[in-house]
Structure formats: C-alpha cells, structure tokens
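Following: one structure in structure tokens, then a few remarks.
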Amino acid sequence: MTTPRPETLAKLTPVLTKRWLSPDAWRIGTYEQLDGYAALRKALKAHPDDLIQLIKDSGLRGRGGAGFPTGLKWGFIPQGDGKPHYLVVNADEGEPGTCKDLPLMTHDPHALVEGVIIASYAIRAARAYIYIRGEAVHAARRLRNAVQEAYDKGYLGRNILRTGYDLELVVHSGAGAYICGEETALLDSLEGFRGQPRLRPPFPATHGLYASPTVVNNVGTIASVPPIVLGGADWWKSMGTEKSSGPMIYSLSGRVANPGQYECSMGVTLRELLELAGGMQPGHNLRFWTPGGSSTPLLAAEHLDVPLDFEGVAAAGSILGTTATQIFSDQDCPVYATYRWLEFYHHESCGKCTPCREGNYWMVRVYRRILAGQGTHEDLDTLLDTCDNILGRSFCGLGDGATSSVTSSLQYFKQDYLDYIEGRTAPKLSEKTLVGAH
Amino acid sequence: MSVVFTDETRERAREIIARYPADRSRSALLPLLHLVQAEEGYVSPAGVAFCAEVLGLNKAQVGAVATFYTMYKRKPTGDFLVSVCTNTMCNVLGGQEVYDTLAEHLGVGHDETTADGTITLEHAECLAACDYGPVMTVNYDFFDGVDASTAVGVVDELRAGGRPMPTRGARLCTLKEMAVQLAGFADERDGAVADGGPGEPTLRGLRLAQQHGVSVPGFDPNTPIRSKAEADKAAAEAKAKAEAAKPAPAEASAAPVKGGDGASAPTGVAEPAKPADATGSTAPDVKAPDDKSPQVRTAETRQPNADTAVPDAPGTKVPADATGTAPEADDARSAEAAGVAANVPAGDGKPAGDEAGAQERNLTEAKAETDADGAGPADANETGAQK
C-alpha cells in the first residue's frame, strides 16, 4: 500500500475517534484520564445560554444527515415556559451504509454521556433519553454500563457535581424499525406507540416528547459537544469549511482496499478518502457511490473531487447525509443495487402515507421485472413517474430517500437499465433469488 | 393463555415502568415487549395481555405496537437468531450467497426455526457495520466478513452445543437472555461488557493519523467559554468592521436604496440586531438562484432552518416589509383574517361551496373578527369586495 501524501494525511482530524485506540476508554477511569468529564466541569460553571451561544458560534451542524445548525435547534427551546424539557439522542443508526455511531458508542460511550449532560444543562432538561437501535446490543451494553458508572460517580442523578443540577438519563432500546430514525417517529416510538412520523409543524422544539419542548440530536452531534466546550468555537472552526465546520467521521465501505472509519475535516473529497483508504480493491474501478447513505442520490466517478460538505454535495445534486460513502465498482450493477435498496424502503415503510407505502411496493415489483429480463421501456417512465409522486408528497423523508437512488441511477446509468430490458445483460434475478427477498 | 409470568418478570416490569415519568408509563411498552420475549422467546397473546395489564392499556393497543417492529417475533424462536445482512452493500459483497447457503444448509427460510429449536434464520436489513461486510449476527452480536463456509461453520457449532465467539461484541448468550438486556437491564455476565475490542476497520483512520503524527493543532482545553453578552458584542464589532471594509464603489451604487445597512456603515456604528439576526444565522439573506436537485430541495424543506422559508417553521424569518421593520402583531392578525376570507371555505365535510350561504357566513365571521380586532378599514373593504 502506498503511503498517502502528507497534504492528504493532513485532512485527518481525530477528534471524536481519538480515544478509540485506548482499549479501555469505555471505562470511566480511563475516560477521565483522557480529558473525560473535564468539559462537563467546565460547562457547569457557565451559564446555559452561554453554552448555546458557544455551540452556535462553533457552527456545529447535525451529524444525523440533515445538517441542521445545532445551536439554533437548542435556541428554539422556549425558556421559562414552565414545561419540562427533554433531550433525546437519536442513536437509531440504520441508514444503509451508515456505521459511525455504533463504534463511537461501543468504544467511547462516555463521550456521548458527557455530551448529553452538557446539552441537557444548556436546554434546561431534567430528563434525557438515548434511543438506541435495538440490534445494536454491544453498543447498548457498553452505553448502559457507562450510564451506570456516571451515576455512581455523581455525573448523573441529583445535584450533579454539587451544582444543584439534576438529570436522569435512560438508555431505551428500539425494536427494529428504520423509520424510528426519523425524529418524530422516534418520539412516537419512545412514547410507546408504533413509530410513525408526525405532521410538522409543530416541531419537536415546542411539541416534542410528551408534547413538551424537545431537542432531538444525533449521537455524533452530541459527542461533538464536549470537544467544543473544551477547545472552543474557534478551534472547532479551524476544521472543515466555512459553513460546514468541524470534523466528520466518513465511513468507507465496499470496493475499497481498506474500508473503515476515517475522521476528516469536512470538505474532504472522495479522491482524498480513497487515497487514505489505500485506493480501490485490485481489479475494481470506481463506478458509483453514495455520499451519505442510501437515501442520498448516487454520484459517479466524475464526482471524485466534490468537497464532501453540506454545500459541496448539494451543489453536485446529492446530499451529504451521514457521510456513509458506499463505494461500488464496475463489477457492481447500479440497477441491482437500487433494487436492493428499494426492497429495504419497501420493508421499512411505516405504512402511514400512501405515496411511500404503495410507491415502494410497486417500484420493487417493477425492478424485479426488469432484473428478471422482463422489463419494458415503459417501466422506466413508470419508475420516474412513481418517484415524482413520492418525492415531497410522502409524509416524511423516508419516502423521499427511497426515490434518490432510483432517479439518480436512471440519470447516470440509464444504459444499464436498457441493457436488461433489451436483453444485452443476462437476467440477474431468478426465481430462487426472488424467494426470500421480501 | 396458560402462561403465568414469573414474579421476577413482574418485578422487572415494575422497574422498567419506574424509568419513565409517572404519567407516561406507556413509554415502557417497548422494553416490556422485550421483557415478555425474554420469558417466552416471542410475543405471545399472553405476553400482549401481560403488557396491557401492567400498563392499563387494552390488548389491541399493545398488539398494534408489537406487530409493527421487526424484533418482536410472533412465533416461537430458536435459542439463536442468525441474521444475515442482505442489504445492498453486504449483498454485493457476498451476503446474499451467505443467506442462500444457510437457508439451504439449515432447511429453513426467512423467519423460520430449525426443527431442533436451535436456530431461527432471517435476512436482515443494514446492520450498521458496512465496513465489515458482509456481516451476520447471532443474537445481534457480530460475525464480520463472513462467507458461506464460515457462516455454515458458525451454525454447525451452535447446533452442536458450542458457543462460537463473535468477531466483535460479547460472548454469545441465548436469545431470551439477550431480550433481558434489550429490556434495559445490564449484562450481568462477568466480564461480558469488556468482551470484544474494536476491529481493524473501525481504527483505520485513527491508526493512519497516529502513524504519521497527525493531530488537530491548537487544542487548548482551557479555552474560556465566552458569556453571551461578550459573544454578541464581538459579533457586532466584527459586523461593523466588515461593513466599514466594504469597497467604496459598492457603497455608491447602493446609495439610492435607503437600506439600514448602507446608512450605518460609514459611521462604523453597529446597528441594533434585526429580527433576522435573532435566529443566530450568519447566512446571507439573498439566496442563490435555485438550481438545486429536487432531492436537495425536498430535504431542505423537511428540515427548515433560517435559510429556508417555510411557513410556521421555527427560525423562519418573519417577512420584512419595504421599510425593513418586522410587521406588527396587529398586521399579522389582519393579514390572517384577510387570508381566511380569501380561502374557499370548506365546511361540514362537504365539498367547498356546496352549502348555499356557507361562504357568505364565513366571510361575515371573518369580517366581524377583523372589525373586533380593530383592523383598518382597508381590510374590511377588501373582504367586502370579495362578496
């Protein structure tokens, strides 16, 4: 493997990942030796409004995909309203391709717990929840252990560090529903209902959990808070770009030589990430990739130099999402890849709204037909028409996300579709594959 | 309904409910459903009844939730739930082959259990370990980078009574034991929390940084947290400085327009914060021509912030009138009344305009309201004109 050039190596910014090499960082003693809970002590001496201002100044934007300015979100919580406030951490990581939050919670759970305490103090919440994906059992194991350790040390519970501030933190396991990563569906699920999205407005900032003001933040967002409190907003902004500040964990998967987690300054390009990851696997050439999970429109080899920040990716017609870069080569079929993603959206559609529930159901069937060699040219129009009727017309972003790979793969790889339809590509789906794939 | 849940389960149910606010016990439903699975291996009608009883819900309410989530099984399961990821990434890397091989080897399909009751097989959607793909899990702990033969090896060992060690995560327990953890209880097995170090893909970026001595410079943990007042002052100063630094020609060309910015800049005095500034956004007010892809635009509408004007969204800028001042509350009320009048009324579930006189009545009501609020005659006239 060739060593990456120094200027590419300089894009690496180990901040959120920096403790992962310490095998015991999940234990509170080790965590405390590595700057742990220093940010909390510092934050509790400051006024909550100053902390909100600090986060605003840092330019931190949500790490869950939408990139909403975090300080702004915290600032929306009405103060002095006499209602309880809640902080809910969205740890329901399930966007296909995304794998950054689970390692963080497994190897550095106290970073999240510390961030939760600081964020709750800032928004004046006395109760916080971490809604963790059910299947993420090892991360939950470590996280529950960390929460217990934090209670035992007086970082949680009554009168935290003798400041008079009280906070209860509960780790709540989900039960296997991708839709619960949508913040209002998550809140419904946390209230003990089916996880189905709510109509917005009202937004969770005023009517969230139990109809009270609630901040819902991603794991990476909350884990970013302690380093910002310690290092300051200016230091944080020394990483990333003007409007997308800070470091971001880029998750490379697929046909790369060394897939894995690469925490880089925002705005790094895929070309640079591939250089860090040792290039493509031998015999594979980059063909298509997702910049941030399967809900973000596919990009192609021509987008190697797109800066992977919120603005750069949007300008290229896609979305930064969760920076889950799934990399596919000339040996992978974009039609089949899209089909498999649609199977996923079809399975995970909550059924609340018709465009998403019915649209995905039918698109899966159209794809099966195409991949079985029985597609028609009209099918391609049907797909685009269906996407038109889902995008922006479904209740929440799940439906929108389902259309991303369909429209983008048709935009860049229409020939691949035509090859199936016109019989130049051998059918990929046989009866056997169809069975079980429901 | 012959199952009577043990006292231990009842005690645990009480503990679970106590985690949530007293009047919000329904929040305990998901963990309680995991708990009944811990005793029975699936959510049986008795389990549904148990949850309903302890939460004061009816069985239909509980059943509706239980059937929504994938992890609640509706028929008895084996001791080990083998889930093979067949979502796109793992799929193309060989996950589909692993699943197909296991299904054939075990003689079961999706969500089915082997006759000896050891293994339930399922194909799973993305398990959030794409950098280790293709992956499978046994009772949700990971076996990374599997291929057909290693997967068969794992299930054979399980069926022979062995407990193969997951690649990451803790040593295996049974599915029922795992359900106790999912209900929110600690893993009581000695040392289980310590099991499983990070795999190589997780550490790759970090190792690279360490090998080459890359770190983020300028980190000082003692950087003071500025008070909000200081921050506001600094922001105002920075703004004034930026205004003063504007090149002169721009000033001249902007002169005919009576804007607040132009007036304050030459004196270098920071003007009072405008409503737009209250959102804390530093984004420019002028948006670039909209050449965004539909996906991007839709995504922004879903998550409106200060940059995207969506009615009623928090932080959306109040539209300023020509003089640059925020509209008065009264203006907003009369505007709303006018808006009501302009809308075609939809009354009593009938198509708009169906009921004779409905429109008339609504308009009169709107007018009465407007008058009561003391809105100007202009609004009243407007309403009248529409009659």
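For the record, the sequence lines run as chains A and B.
Everything in the first sequence is counted per UniProt numbering, starting at 1 for the first residue and increasing by one.
Everything in the second sequence is counted per UniProt numbering, starting at 1 for the first residue and increasing by one.
Glycine included, each C-beta is placed from N, C-alpha and C at the ideal position.
In this text the structure is predicted, and so the values were computed from the model without any measurement.
*Can you grab the Cα-Cα spacing for the pair residue 344 of chain A / residue 85 of chain B, in whole Å?*
Locating residue 344 of chain A in the first sequence gives position 344, where the first residue counts as 1. Locating residue 85 of chain B in the second sequence gives position 85, where the first residue counts as 1. Distance between the alpha carbons of residue 344 of chain A and residue 85 of chain B: 11 Å.
*In three-state terms, what does DSSP make of residue 285 of chain B?*
One-based indexing of the second sequence puts residue 285 of chain B at position 285. For residue 285 of chain B, the predicted structure reports a pLDDT of 43, less than 50, and the residue's modelled location is therefore unreliable. A value from the coordinates is still provided. Residue state, collapsed to three classes: coil.
*Does residue 141 of chain B have its Cβ less than 8 Å from a Cβ in chain A?*
Translated into positions along the second sequence, residue 141 of chain B becomes position 141. Closer than 8 Å: yes.
*asked:* Just to confirm the assignment, what range does the beta strand (DSSP E) spanning residue 326 of chain A have?
replied: By 1-based counting over the first sequence, the position of residue 326 of chain A is 326. In this chain, the beta strand (DSSP E) harbouring residue 326 of chain A covers 324-329.
*Are the C-beta atoms of residue 356 of chain A and some chain B residue less than 8 Å apart?*
Taking the first residue of the first sequence as 1, we reach residue 356 of chain A at position 356. The beta-carbon of residue 356 of chain A is placed no less than 8 Å from the nearest beta-carbon of chain B.
*asked:* Give me the subset of the segment 194-210 of chain B whose CB atoms are less than 9 Å from a CB atom of chain A, sorted by chain position.
replied: Those residues of the segment 194-210 of chain B placed with their C-beta closer than 9 Å to a C-beta in chain A are 194, 195, 196, 197, 198, 199, 200, 201, 202, 203, 204, 205, 206, 207, 208, 209 and 210, ordered along the chain.
*asked:* Can you find the residues in the same chain that come closer than 6 Å, C-beta to C-beta, to residue 447 of chain A, ignoring five residues on each side of it along the sequence?
replied: Missing from the structure shown is residue 447 of chain A; chain A here goes from 1 to 438 and no further.
*Can the beta-carbon of residue 131 of chain B be found closer than 8 Å to that of residue 252 of chain A?*
In the second sequence, the residue the question calls residue 131 of chain B occupies position 131. In the first sequence, the residue the question calls residue 252 of chain A occupies position 252. Taking 8 Å as the Cβ cut-off, residue 131 of chain B and residue 252 of chain A qualify as a contacting pair.
*If you run the structure through DSSP and keep just helix, strand and coil, what is residue 389 of chain B?*
No statement about residue 389 of chain B is possible, as the shown extent of chain B runs from 1 to 387 and does not include it.
*Report yes if the CB atom of residue 382 of chain A is closer than 8 Å to the CB atom of residue 406 of chain A, and no otherwise.*
Locating residue 382 of chain A in the first sequence gives position 382, counting from the first residue. Locating residue 406 of chain A in the first sequence gives position 406, counting from the first residue. No.
*By Cβ distance below 7 Å, which residues in the same chain neighbour residue 425 of chain A in space, the five residues on each side in sequence not counted?*
Working through the first sequence from its first residue, we reach residue 425 of chain A at position 425. Correct list, in chain order: 419.
*Just checking my contact of residue 56 of chain A with residue 72 of chain A at CB under 8 Å: how many whole Å lie between their CB atoms?*
As a working mapping, residue 56 of chain A is identified with position 56 in the first sequence. As a working mapping, residue 72 of chain A is identified with position 72 in the first sequence. Going by Cβ atoms, the distance from residue 56 of chain A to residue 72 of chain A rounds to 7 Å, so yes, they are a contact pair.
*Measure the CB-CB distance between residue 54 of chain A and residue 117 of chain A and report whether it falls below 8 Å.*
Position 54 of the first sequence, counting from 1, holds the residue named residue 54 of chain A. Position 117 of the first sequence, counting from 1, holds the residue named residue 117 of chain A. Between residue 54 of chain A and residue 117 of chain A, the C-beta spacing is not below 8 Å.
*With distances taken Cα to Cα, identify the nearest neighbour of residue 77 of chain A among A/48, A/353 and A/104.*
Residue numbering aside, residue 77 of chain A sits at position 77 when the first sequence is read from its first letter. That would be A/48, whose Cα lies nearest to the Cα of residue 77 of chain A.
*Starting from the C-beta of residue 288 of chain B, find all residues in its chain whose C-beta is less than 7 Å away, skip the five residues before and the five after it, and write them out in chain order.*
Indexing the second sequence from 1 puts residue 288 of chain B at position 288. Because the pLDDT at residue 288 of chain B is just 45, under 50, the model does not fix this residue reliably, and the point stays unresolved.
_Neighbourhood of residue 35 of chain A by C-beta, 7 Å cutoff - its chain only, sequence neighbours within 5 removed_ = Your numbering for residue 35 of chain A matches position 35 in the first sequence. Only 230 meet the Cβ criterion.
*Can you find a CB in chain A that lies within less than 8 Å of the CB of residue 243 of chain B?*
As a first step, residue 243 of chain B is located in the second sequence; it is residue number 243 there, counting from the start. No, residue 243 of chain B does not count as interfacial toward chain A.
*Exposed unless 16 or more other CB atoms sit within 10 angstroms - verdict on residue 282 of chain A*: One-based indexing of the first sequence puts residue 282 of chain A at position 282. So residue 282 of chain A ends up on the exposed side.
*Check whether the segment 209-220 of chain B touches the segment 230-240 of chain A, counting contact only when three or more Cβ pairs, one atom from each stretch, lie closer than 8 Å.*
Judged by Cβ distances under 8 Å, the segment 209-220 of chain B makes contact with the segment 230-240 of chain A, as three or more pairs qualify.
*Amino acids of chain A, ordered along the chain, whose beta-carbon sits closer than 7 Å to that of residue 72 of chain B*: If you number the second sequence from 1, residue 72 of chain B lands on position 72. Ordered by position in chain A, the residues that pass the 7 Å Cβ test against residue 72 of chain B are 175.
_So residue 190 of chain A contacts chain B; which residues on that side make the cut at Cβ distance below 7 Å?_
The residue labelled residue 190 of chain A in the question sits at position 190 within the first sequence. Identification of chain B residues near residue 190 of chain A by a Cβ-Cβ cut-off of 7 Å yields 27, ordered along the chain.
_chain B contact residues for residue 344 of chain A, given Cβ-Cβ distances below 9 Å_ = On the first sequence, residue 344 of chain A is found 344 positions in, with the first residue counted as 1. Within 9 Å Cβ-Cβ: 87, 88, 125 and 126.
_Whole-number beta carbon distance between residue 20 of chain A and residue 108 of chain A, since they are thought to touch under 8 Å_ = Here residue 108 of chain A refers to the residue found at position 108 of the first sequence. Here residue 20 of chain A refers to the residue found at position 20 of the first sequence. About 6 Å separates the two Cβ atoms, so the contact holds.
*Are at least three pairs of beta-carbons, each pair with one atom in the segment 407-416 of chain A and one in the segment 321-330 of chain A, less than 8 Å apart?*
Flag = no, the segment 407-416 of chain A and the segment 321-330 of chain A do not touch.
_Spatial distance of residue 406 of chain B from residue 4 of chain B (CA atoms)_ = Nothing can be reported for residue 406 of chain B, as the shown portion of chain B is limited to 1 through 387.
_Where residue 47 of chain A meets chain B, residues with beta-carbon distance less than 8 Å_ = As a first step, residue 47 of chain A must be located in the first sequence, where it is residue number 47. Using a Cβ-Cβ cut-off of 8 Å, residue 47 of chain A is close to 227 and 228 of chain B, given in chain order.
*asked:* Considering Cα atoms alone, identify which of A/332, A/376 and A/394 is closest to residue 355 of chain A.
replied: If you number the first sequence from 1, residue 355 of chain A lands on position 355. Taking only the C-alpha atoms, the option nearest residue 355 of chain A is A/394.
*asked:* Starting from residue 58 of chain B, trace the alpha helix (DSSP H) in both directions and tell me its first and last residue.
replied: If you number the second sequence from 1, residue 58 of chain B lands on position 58. Counted as a single uninterrupted DSSP element, the stretch harbouring residue 58 of chain B is not any alpha helix (DSSP H), since DSSP gives it neither H nor E.
*Short check: CB of residue 183 of chain B to CB of residue 16 of chain B, under 8 Å?*
Here residue 183 of chain B refers to the residue found at position 183 of the second sequence. Here residue 16 of chain B refers to the residue found at position 16 of the second sequence. For residue 183 of chain B and residue 16 of chain B, yes; Cβs fall inside 8 Å.
*Taking residue 257 of chain A as the reference, give the member of A/411, A/389 and A/284 with the closest Cα.*
Mapped onto the first sequence, residue 257 of chain A falls at position 257. Nearest C-alpha to residue 257 of chain A: A/284.
*At a CB-CB cut-off below 9 Å, which residues of chain A make contact with residue 30 of chain B?*
Sequence index remark: in the second sequence, residue 30 of chain B carries index 30 (1-based). Against chain A, the beta carbon of residue 30 of chain B has neighbours under 9 Å at 134, 172, 173, 174, 175, 189, 190 and 192, listed in chain order.
*By DSSP, does residue 181 of chain B sit in helix, in strand, or in coil?*
To locate residue 181 of chain B, count along the second sequence from 1; it is residue 181. The three-state reading of DSSP puts residue 181 of chain B in helix, counting H, G and I together.
*Report the three-state DSSP secondary structure of residue 69 of chain A (helix, strand or coil).*
Indexing the first sequence from 1 puts residue 69 of chain A at position 69. Annotated three-state conformation of residue 69 of chain A is strand, per DSSP.
*Name the one or two DSSP bridge partners that residue 130 of chain A has.*
Numbered from 1 along the first sequence, position 130 holds the residue referred to as residue 130 of chain A. As DSSP reads the structure, residue 130 of chain A sits in a beta bridge with A/89 and A/171.
*asked:* Using the three-state DSSP reduction, which class does residue 264 of chain A fall into: helix, strand or coil?
replied: The count along the first sequence starts at 1 and reaches residue 264 of chain A at position 264. Note: residue 264 of chain A maps to strand in three-state DSSP.
*Name, please, each residue of chain A whose Cβ falls closer than 9 Å to the Cβ of residue 91 of chain B.*
On the second sequence, position 91 is the one that residue 91 of chain B refers to. Within 9 Å Cβ-Cβ: 336, 337 and 340.
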